[in-house]
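For the sequence shown, full-length UniProt numbering gives the first residue as 1, with consecutive numbering after it. The structure appears below as structure tokens.
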Amino acid sequence: MKLIFGANTLQYPAGWQFAEHQHAGIEVVGILTGQVLLMTPTTRMTVKAGQVVCIAPYIPHCWASDHAGTLNVLHFIHAPRDLTQRLVSINRPRLISLSSTQFAEYNALFSRLAALEEQAPLQQVRLLRAYVEAFLLTLLESDQVTNPNHALVYEIATYMQVHIHESFTIAQIAHQFALSEATLRRRFHELFHTSPKQYLIDLRLNEAQYLLATTQLAVKEIAIQLGFFDLAHFSSLFHQRVGHTPSQWREKAAHL
Numbered sequence: 001m002k003l004i005f006g007a008n009t010l011q012y013p014a015g016w017q018f019a020e021h022q023h024a025g026i027e028v029v030g031i032l033t034g035q036v037l038l039m040t041p042t043t044r045m046t047v048k049a050g051q052v053v054c055i056a057p058y059i060p061h062c063w064a065s066d067h068a069g070t071l072n073v074l075h076f077i078h079a080p081r082d083l084t085q086r087l088v089s090i091n092r093p094r095l096i097s098l099s100s101t102q103f104a105e106y107n108a109l110f111s112r113l114a115a116l117e118e119q120a121p122l123q124q125v126r127l128l129r130a131y132v133e134a135f136l137l138t139l140l141e142s143d144q145v146t147n148p149n150h151a152l153v154y155e156i157a158t159y160m161q162v163h164i165h166e167s168f169t170i171a172q173i174a175h176q177f178a179l180s181e182a183t184l185r186r187r188f189h190e191l192f193h194t195s196p197k198q199y200l201i202d203l204r205l206n207e208a209q210y211l212l213a214t215t216q217l218a219v220k221e222i223a224i225q226l227g228f229f230d231l232a233h234f235s236s237l238f239h240q241r242v243g244h245t246p247s248q249w250r251e252k253a254a255h256l
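Listed below in structure tokens is the structure:
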């Protein structure tokens, strides 16, 4: 089973542009020198030297830079899901700023992953998996949240991700974390630029994309697993977000 692909250090020229595209796995890009502009349908983000940006699967995005520079790029496919779910934001890229020491550790792990991917013998799979986990944990541990309000929102978002297959309401989430619904909505907007309800819907739809691409479960079964008991409503939401019906998406994902 392939865990990663496309590990590469790229020297890009002044005026560099990379057209809109998307991936079935998580894309992690670290800027070694220079800076780049990352654009998605909802976000424009400048990523500078010493920063790493993580992009969730199936988010259309493109790159551009006015000046020359160097970056690392790596894609995760079958990485540990408990770590990757904590690493990426479901609706927008996640930017992580590293200290010089942290970035050196990130770069050393990236180089080791790239070397292991190139060798790729069967006996290296276990070692590669260990390095993948170390790489992801390095990014997670480096992205320390100093604002306690933001830390709580990240905790709530992680709870939603872990319990994605369970039935709960936003009111229940707010009560569980001793917040009013209004406060929860306000803090979610501050951090994720969306409501907790929409975040949960996006999270479940992203999981639906993953299940459609990686399993043979029936569309109705996937919908029910993710709390959508009205198949027509699920299909409508899915089409609004992805631009395809679930069945069309499954066929498209098979060719990504």
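All C-beta atoms, glycine included, are put in the ideal place defined by N, C-alpha and C.
*Measure how close the beta-carbons of Thr-40 and Arg-92 come, nearest whole angstrom, since I'm counting them as under 8 Å.*
About 7 Å separates the beta carbon of Thr-40 from that of Arg-92, a gap short enough to meet the 8 Å contact definition.
*Since His-165 contacts Leu-226 with CB under 8 Å, what's their CB separation in whole angstroms?*
7 Å
*Per-residue DSSP class, three states only, for Asn-91*: Coil, per DSSP.
_Residue-level contact to chain D via CB, Ala-56, 7 Å cutoff_ = Among the protein chains of the structure shown there is no chain D, as only one such chain exists.
*Would you list the residues sitting across from His-61 in a DSSP beta bridge?*
Paired residue(s): His-21.
*Consider the C-beta atom of Leu-191 and the heavy atoms of the ligand ATP; say whether any pair is separated by less than 6 Å.*
With respect to the ligand ATP, the structure offers nothing, as it holds no ligand at all.
*In this structure, what does DSSP give as the bridge partners for Leu-71?*
Leu-10, Ile-31
_Cβ neighbours of Gln-11 in the same chain (closer than 6 Å, five flanking residues each side left out)_ = Thr-70
*Which of the three DSSP states, helix, strand or coil, is assigned to Ser-99?*
Three-state result, Ser-99: coil.
*asked:* Measuring CB atoms only, is the region 60 to 76 touching the region 12 to 20, in the sense that at least three cross pairs come out at less than 8 Å?
replied: yes
_The beta strand (DSSP E) that contains Gln-51, what's its start and end?_
51 to 55 is the span of the beta strand (DSSP E), which, as asked, contains Gln-51.
_Rounded C-alpha distance that separates Thr-215 from Leu-140_ = 28 Å
_Alpha-carbon to alpha-carbon, Arg-112 and Ile-170_ = Their Cα atoms are separated by approximately 42 Å.
*May I have the straight-line CA-CA distance separating Leu-200 from Ile-59, to the nearest angstrom?*
Going by the C-alpha atoms only, they are around 16 Å apart.
*Alpha carbon to alpha carbon, what distance is there between Gly-6 and Pro-13?*
Put simply, the backbone Cα of Pro-13 is about 20 Å away from that of Gly-6.
_Can you give me the C-alpha to C-alpha distance between Val-47 and Leu-179, rounded to a whole angstrom?_
33 Å
*Distance between beta carbons of Leu-136 and Thr-101, contact taken as under 8 Å*: In fact, because the Cβ distance is near 18 Å, the residues do not count as touching under 8 Å.
*Three-way DSSP call (helix, strand, coil) for Thr-245 in this model*: coil
*asked:* Taking its Cβ as the centre, do 16 or more other Cβ atoms sit within 10 Å of Val-219, making it buried, or is it exposed?
replied: buried
*Beta-carbon separation of Leu-95 and Val-53 under 7 Å?*
yes
_Pair within 7 Å by beta-carbon distance, Asn-149 and Arg-185_ = no
*Within its chain, find whatever has a CB closer than 8 Å to the CB of Thr-194; leave out the 5 residues flanking it on each side and keep chain order.*
Result list for Thr-194: Asn-91, Phe-188, Asp-202, in chain order.
_Residue environment, Ala-223, which counts as buried when at least 16 other CB atoms sit within 10 Å_ = buried
_Quick check on this structure: which residue in Asn-8, Gln-176, Met-45 has the alpha carbon closest to the alpha carbon of Leu-116?_
That would be Asn-8, whose Cα lies nearest to the Cα of Leu-116.
*Rounded C-alpha distance that separates Ser-99 from Ala-108*: 14 Å
*What's the call for Ala-254, buried or exposed, on a 16-neighbour Cβ count within 10 Å?*
exposed
*Opening and closing residue of the beta strand (DSSP E) in which Thr-46 lies*: 44 to 48
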